[in-house]
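To start, the structure under review is shown below, and the notes come after it.
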Amino acid sequence: MALLGSLSEFVEGRGDLWTLMYRTAKFQGVRSVALMPYGMSFDCGKVVEAYKTVKVPVHYLASVGFFGRRKYQITYLEEKHPIFKTEVLNVRTHTEVKKALKHLAFQSVLESMDEVM
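Per our numbering, the very first residue in the sequence shown carries number 980; after that it's consecutive.
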C-alpha cells in the first residue's frame, strides 16, 4: 500500500486529518487498483497536549523601482502544529489504522476482480 497524500486542518478547536492511499494487484492478466481515502475528525481540546509554533518565511514583491528593478521583502507567518497526547495517536495506534486500511484495500481489489471475472 502506498501513500498518495495527507492533509490536516485545525479550525476553531476542531481538527481534521485526511489521507489517500492506494494498492494495485494483478491476477490472470487483469490489474485492479483500489483507492482508499480516509479521514479522522477530533476535538483538539481532548486530544492535543500542546501546540508547537513554527515561523514560515514568505517572500513577496514590495515594490518595482526605476528600470523595472524589483524589491522583495520577507515576512514570517506563524503556523500552529498540534502535539497529540501519546495515548491518542501513538505509533501502535497509527500502525493498527494502517493495517486495517491495507486489509480493506486488499478486500476491495479482490471484489473488483470478482466483478471482472
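Even for Gly, the Cβ is constructed at its ideal location relative to N, Cα and C. Since the model is a prediction, treat every value here as computed from it, not as a measurement.
C-alpha distance - residue i paired with residue j, whole-angstrom precision
{"i": "H1060", "j": "V1035", "result": "12 Å"}
{"i": "L1014", "j": "R1002", "result": "7 Å"}
{"i": "K1050", "j": "V1037", "result": "14 Å"}
{"i": "L1080", "j": "S1087", "result": "10 Å"}
{"i": "V1076", "j": "K1005", "result": "25 Å"}
{"i": "D995", "j": "H1082", "result": "23 Å"}
{"i": "F1021", "j": "F1085", "result": "27 Å"}
{"i": "V1070", "j": "W997", "result": "18 Å"}
CB of residue i within 9 Å of CB of residue j, strictly
{"i": "T1074", "j": "E1028", "result": "no"}
{"i": "K1031", "j": "I1053", "result": "no"}
{"i": "V1100", "j": "E1058", "result": "In the structure as shown, the chain begins at 980 and stops at 1096. Residue 1100 is therefore absent and cannot be evaluated."}
Cβ neighbour criterion (16 or more within 10 Å) applied to residue i
{"i": "A1041", "result": "exposed"}
{"i": "M1019", "result": "exposed"}
Proximity winner among the options, relative to residue i (alpha-carbon distances)
{"i": "E1090", "options": "V990, G992, S1011", "result": "S1011"}
{"i": "G1024", "options": "Y1030, R1002, K1078, G992", "result": "G992"}
{"i": "Y1017", "options": "Q1007, V1009, L999", "result": "L999"}
{"i": "Y1039", "options": "Y1055, F1045, V1076", "result": "Y1055"}
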